[in-house]
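Asks: Handing you a structure now.
There are 6 protein chains.
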Amino acid sequence: MTNKIVYITRRERFNAAHRLFREDYSDEKNLDVFGKCSNPMWHGHNYTLFVTVKGPVNPETGFVMNLKVLSKIIKELVVDKLDHKNINLEVDFMNGKLASTENLAVEIFNVLNNALNEFENVSVHCIKIQETENNFVEYFG
Amino acid sequence: MTNKIVYITRRERFNAAHRLFREDYSDEKNLDVFGKCSNPMWHGHNYTLFVTVKGPVNPETGFVMNLKVLSKIIKELVVDKLDHKNINLEVDFMNGKLASTENLAVEIFNVLNNALNEFENVSVHCIKIQETENNFVEYFG
Amino acid sequence: MTNKIVYITRRERFNAAHRLFREDYSDEKNLDVFGKCSNPMWHGHNYTLFVTVKGPVNPETGFVMNLKVLSKIIKELVVDKLDHKNINLEVDFMNGKLASTENLAVEIFNVLNNALNEFENVSVHCIKIQETENNFVEYFG
Amino acid sequence: MTNKIVYITRRERFNAAHRLFREDYSDEKNLDVFGKCSNPMWHGHNYTLFVTVKGPVNPETGFVMNLKVLSKIIKELVVDKLDHKNINLEVDFMNGKLASTENLAVEIFNVLNNALNEFENVSVHCIKIQETENNFVEYFG
Amino acid sequence: MTNKIVYITRRERFNAAHRLFREDYSDEKNLDVFGKCSNPMWHGHNYTLFVTVKGPVNPETGFVMNLKVLSKIIKELVVDKLDHKNINLEVDFMNGKLASTENLAVEIFNVLNNALNEFENVSVHCIKIQETENNFVEYFG
Amino acid sequence: MTNKIVYITRRERFNAAHRLFREDYSDEKNLDVFGKCSNPMWHGHNYTLFVTVKGPVNPETGFVMNLKVLSKIIKELVVDKLDHKNINLEVDFMNGKLASTENLAVEIFNVLNNALNEFENVSVHCIKIQETENNFVEYFG
């Protein structure tokens, strides 16, 4: 019950369309580099997002941070912007960036770490995004 | 080892974009009926497909049907047409149909049941499609 | 797109406390029949509920039934009454009944089937409740 | 709480080695029919077994059947004979039979249905065996 | 086969009741801080516990530590004390502590790390507790 | 989109037979140390392999490394050697080593880290092998 450092993780989900391609590549080069992920008609995924926050346990509440509060922040700043959206065309924090899972993890980390600045003692430790059951990425800042 | 009826199921996966809407609806009505699934910029899913085939156990092989053969048929006739594709725009057997999971299950059932006609004794029992971890549909013909 | 019968399933979750026991049994008999599930101090589970509804596909929407509507009905009539509650003491439709998963499935079936009476053509096909990763029950009415 | 028919399922697991082959086939024919599953040096799986039992709910206990009792029967008659064993060489009820998942499901059904004869009102409804995350079989007797 | 450091993890499960509240808070304040988790009638979870132990690989056995031995220690010192119990009222190592998942992870870490003192070279690396499919905590000492 | 360090993970699967034993032990001692895993007739598992690679995000592609390339390397150098094989008898990189999951993780790490030498900037961060749903090991080099 002392202020030991504990890591808490909240899982959220969003379903989105995307496409991997570069405008400065020909269609052939896009296909060569990005494979079927470059399909001009789009494809999509059920993305699973794991947000891990690190901080001391508050001895009054037994919490690192109230997970309802964390979930509300993730929903407003991340999930509502991505869910049932087109990542290439409709997501402000991905504007001008390749819609890869790596870039998505980095940008979500930055959005949420900024948002947690107002909470003393806690910070984002890791953003993990699972794109398919076989592929996931992690970013630790 | 007699010819008892056994059900065998093969799971396959595909990632696709889609949109729920009717051209004869206004944008408002589409939003009202289909919610965020009507987003004109598309969204997508990791679809999981379960194909259940029913038949007697072949006493020579111990198989209802060779699952490698079944998997190959599903890949060629269903998965390759849907994976990393736009269900509304690029899938022949969904042409002119609302891209709902219900309709997808019915059409996949028909495609595969036709294909299995050449195999004596076996038939498609059920097509199950999982769209998200909370929603799935089943069609038994 | 004709009115083929399709089965749609919505998964919902609730976390609740319960205890298996009979007031007319001694503590010893309760322990003998119900094992550690009879602990007078309660224990609990993350219950997973699968509600399967059966009906024809509406050719206008491609839906058997709007899953958002189904989810709202399940939440109001079932999940809100069970989630973070004590099944023995706080759930009206379990009043006076042993808090077994079998009884829970039967009562949830009845509650939801009544509620779906107002929807033409659809009915509850199955209530499945998963109590642990090793145990689940199904009731088909 | 009346005697409605409910289906209860117990999941158990076992890890075993096996090989698909016929002694009356050449090595080439075994490879042709059974593929890499015919490897003479064996291979193995984490098998997951789902035993579904059907019966009325006992109004005194709220149970179709005590799952601890069911689990004990499955362990003694099925899991202990298969777990960490070679299905082709060491399992009495598979003696002389091709070690396919189909045959395994049929034989486990028979073993357990016999064992449940002593319980009034209940019977085995289905044996489901998951061999890999992509393949499973079901036998209903 | 040299003494490389490897991390081994054993998963165990327990089902328990709990309640988040402070006696020095009013009911209103408990509800405000802890939400529906403060329900005075209790609620419960299927907790999943992951115990990660770190150490060199023993060249004689190929093991960091025998997982059967580790599992037995976890069962005796942790799982048997929590399973089908009330975490607030019946678990000695949680006595006087808020029954949050964070506190549970810290206390389980301490219990198991003490127990592993008798084993040369190995120590507890992480205790991870999954409370729901959306929430988990990790403690590294 | 700068060269932040991101971790990408590819999951692959293989089904294999193995046995834990030492030739210099008696059967009794093998049974005592390795339990039923020492069964001379073999047993097997569905192994799940997670390969985590670490490196900067390439600003041109948005990738740490093309996952198709990574998957191809893992398949050729690891999965094809293990899948539907006997780990004790048929796998070159396990030759002369106890077929424990710990040793398997160390050897797969070495094989893949060598293979990634030709790729600038990336390296294997972790090999995780899940042997059953309750047991897994991790090796970080």
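Protein chains in written order, with my numbering: chain A, 375 to 515; chain B, 375 to 515; chain C, 375 to 515; chain D, 375 to 515; chain E, 375 to 515; chain F, 375 to 515. All C-beta atoms, glycine included, are put in the ideal place defined by N, C-alpha and C.
Ordered along the chain, which non-local residues of its own chain (more than five positions away) have a Cβ less than 7 angstroms from that of residue 465/B?
Replies: Along the second sequence, one-based indexing puts residue 465/B at 91. 455, 456 and 459, listed in sequence order.
Asks: Please name the residue, chosen from 405/B, 420/B and 385/B, that lies closest to residue 391/B on a Cα-to-Cα basis.
Replies: On the second sequence, residue 391/B is found 17 positions in, with the first residue counted as 1. Ranking 405/B, 420/B and 385/B by Cα distance to residue 391/B puts 420/B first.
Asks: I'd like to check one pair, residue 436/A with residue 474/E: are the Cβ atoms closer than 8 angstroms?
Replies: Indexing the fifth sequence from 1 puts residue 474/E at position 100. Indexing the first sequence from 1 puts residue 436/A at position 62. It is a contact, given that the beta carbons lie within the stated cut-off.
Asks: So that I know if they touch, is there some Cβ in chain B lying closer than 8 angstroms to that of residue 494/D?
Replies: As a first step, residue 494/D is located in the fourth sequence; it is residue number 120 there, counting from the start. It does not; no Cβ of chain B falls within 8 angstroms.
Asks: So the alpha helix (DSSP H) residue 472/D belongs to, where does it begin and stop?
Replies: Locating residue 472/D in the fourth sequence gives position 98, where the first residue counts as 1. Unbroken run through residue 472/D: none, as it is neither H nor E.
Asks: Under 7 angstroms Cβ-Cβ, which residues of chain B neighbour residue 446/C?
Replies: Looking up residue 446/C in the third sequence gives position 72. In chain order: nothing, as chain B lies at least about 12 angstroms away.
Asks: What does a CB cutoff of less than 6 angstroms around residue 416/D pick up in its chain, not counting 5 residues either side in sequence?
Replies: Within the fourth sequence, residue 416/D is the residue found at index 42, counting from 1. Excluding residues within five positions, the ones whose Cβ falls inside 6 angstroms are 391 and 393.
Asks: Contact criterion: CB-CB distance below 8 angstroms. Does residue 381/F meet it with respect to chain A?
Replies: Here residue 381/F is taken as the residue at index 7 of the sixth sequence, counted from 1. Closer than 8 angstroms: yes.
Asks: Can you give the Cα-Cα distance for residue 383/B and residue 511/D, rounded to whole angstroms?
Replies: Reading the second sequence from its first residue, position 9 is the one you call residue 383/B. Reading the fourth sequence from its first residue, position 137 is the one you call residue 511/D. Spanning the two alpha carbons is a distance of roughly 6 angstroms.
Asks: Under three-state DSSP, which class holds residue 432/D?
Replies: Walking along the fourth sequence from the start, residue 432/D turns up at place 58. Coil at residue 432/D, not helix or strand.
Asks: Distance, Cα to Cα, residue 447/F vs residue 403/E?
Replies: Position 73 of the sixth sequence, counted from the start, is the residue given in the question as residue 447/F. Position 29 of the fifth sequence, counted from the start, is the residue given in the question as residue 403/E. Cα to Cα, the separation comes out at about 57 angstroms.
Asks: Between the stretch 416 to 438 of chain F and chain A, which residues of the former have a C-beta closer than 7 angstroms to a C-beta of the latter?
Replies: 431, 435, 436, 437 and 438
Asks: Smallest Cα separation from residue 440/C: which of 468/B, 405/B, 418/B and 461/B?
Replies: Walking along the third sequence from the start, residue 440/C turns up at place 66. Looking at the Cα atoms, 405/B is the closest of the given residues.
Asks: With H, G and I counted as helix, E and B as strand and the rest as coil, what does DSSP make of residue 388/C?
Replies: Along the third sequence, one-based indexing puts residue 388/C at 14. Taken through DSSP and simplified to helix, strand or coil, residue 388/C comes out as strand.
Asks: Report the three-state DSSP secondary structure of residue 502/C (helix, strand or coil).
Replies: For the purposes of this step, residue 502/C is taken as the residue at position 128 of the third sequence. DSSP places residue 502/C in strand when its eight states are reduced to three.
Asks: Could you pull out every residue in the same chain whose Cβ sits closer than 6 angstroms to the Cβ of residue 388/E, ignoring the five residues on either side in sequence?
Replies: Taking the fifth sequence and counting its residues from 1, the one referred to as residue 388/E is at position 14. Result list for residue 388/E: 421, 453, 456 and 457, in chain order.
Asks: Shorter than 8 angstroms from the beta carbon of residue 402/C to some beta carbon of chain D?
Replies: For the purposes of this step, residue 402/C is taken as residue 28 along the third sequence, with counting starting at 1. Not closer than 8 angstroms to any Cβ of chain D, the Cβ of residue 402/C fails to qualify, so no.
Asks: In the stretch 468 to 495 of chain B, which residues sit with their C-beta less than 8 angstroms from some C-beta in chain A, listed in chain order?
Replies: none
Asks: Excluding the 5 residues flanking residue 385/F on each side, which residues of the same chain have their C-beta closer than 6 angstroms to its C-beta?
Replies: Along the sixth sequence, one-based indexing puts residue 385/F at 11. So the list reads 424, once near-sequence residues are dropped.
Asks: So for residue 375/A, helix, strand or coil by DSSP?
Replies: Walking along the first sequence from the start, residue 375/A turns up at place 1. No answer about residue 375/A holds up, because its pLDDT of 43 lies below 50 and its placement is not dependable.
Asks: Closest to residue 398/B by CA distance: which of 509/B, 429/B and 470/B is it?
Replies: For this step, residue 398/B is matched to residue 24 along the second sequence. Checked all of 509/B, 429/B and 470/B; the closest Cα to residue 398/B is 470/B.
Asks: Is it buried or exposed, residue 380/A, if we count other Cβ atoms within 10 angstroms and call 16 or more buried?
Replies: Taking the first sequence and counting its residues from 1, one reaches residue 380/A at position 6. With 16 or more other Cβ atoms within 10 Å, it is buried.
Asks: If we define contact as Cβ-Cβ less than 8 angstroms, is residue 510/F a contact residue for chain E?
Replies: Locating residue 510/F in the sixth sequence gives position 136, where the first residue counts as 1. Answer yes: the Cβ-Cβ gap between residue 510/F and chain E drops below 8 angstroms somewhere.
Asks: On the criterion of 16 or more Cβ atoms from any shown chain inside 10 Å, does residue 450/A qualify as buried, or is it exposed?
Replies: Numbered from its first residue, the first sequence carries residue 450/A at position 76. Result: exposed.
Asks: With DSSP run on the structure shown, which of helix, strand or coil describes residue 423/D?
Replies: Within the fourth sequence, the letter at position 49 stands for residue 423/D. Of the three classes helix, strand and coil, the one that applies to residue 423/D here is strand, per DSSP.
Asks: Among all the DSSP beta bridges, which residues are the ones paired with residue 382/A?
Replies: Stepping through the first sequence from its first residue, residue 382/A is reached at position 8. According to DSSP, residue 382/A bridges with 427/A and 511/E.
Asks: List the residues that DSSP assigns as beta-bridge partners of residue 356/E.
Replies: Since the displayed chain E opens at 375 and closes at 515, residue 356/E lies outside it and no answer follows.
Asks: In the structure shown, what three-state DSSP assignment does residue 460/A receive?
Replies: Locating residue 460/A in the first sequence gives position 86, where the first residue counts as 1. The answer is strand: DSSP assigns residue 460/A an E or B state.
Asks: What three-state label does DSSP hand residue 445/D in the structure shown?
Replies: Working through the fourth sequence from its first residue, we reach residue 445/D at position 71. Of the three classes helix, strand and coil, the one that applies to residue 445/D here is helix, per DSSP.
Asks: Establish whether the CB of residue 455/B and some CB of chain A are separated by less than 8 angstroms.
Replies: Here the question's residue 455/B lines up with position 81 in the second sequence. So, not an interface residue.
Asks: Any Cβ of chain E within less than 8 angstroms of the Cβ of residue 442/C?
Replies: One-based indexing of the third sequence puts residue 442/C at position 68. For residue 442/C, the answer is no, since every Cβ of chain E falls outside 8 angstroms of its Cβ.
Asks: Quick one, which residues of the stretch 384 to 399 of chain D are near chain H if we go by CB-CB under 9 angstroms, in chain order?
Replies: Absence of chain H from the displayed structure is noted, the protein chains being A, B, C, D, E and F.
Asks: From residue 486/A to residue 478/F, what distance separates their C-alpha atoms?
Replies: Counting from one through the first sequence, the residue named residue 486/A turns up at place 112. Counting from one through the sixth sequence, the residue named residue 478/F turns up at place 104. Looking at the two C-alpha atoms, the distance is approximately 38 angstroms.
Asks: If I measure Cβ to Cβ from residue 467/D and keep anything under 6 angstroms in the same chain, skipping five residues before and after, which residues do I get?
Replies: In the fourth sequence, residue 467/D corresponds to position 93, counting from 1. The residues are 481 and 485.
Asks: How about residue 499/D and residue 427/D: do their beta carbons lie closer than 8 angstroms?
Replies: Here residue 499/D corresponds to residue number 125 of the fourth sequence, with the count starting at 1. Here residue 427/D corresponds to residue number 53 of the fourth sequence, with the count starting at 1. In contact: residue 499/D and residue 427/D (Cβ atoms closer than 8 angstroms).
Asks: Taking buried to mean at least 16 other C-beta atoms within 10 Å of its own C-beta, is residue 505/F buried or exposed?
Replies: For the purposes of this step, residue 505/F is taken as residue 131 along the sixth sequence, with counting starting at 1. Buried, since its Cβ has 16 or more Cβ neighbours within 10 Å.
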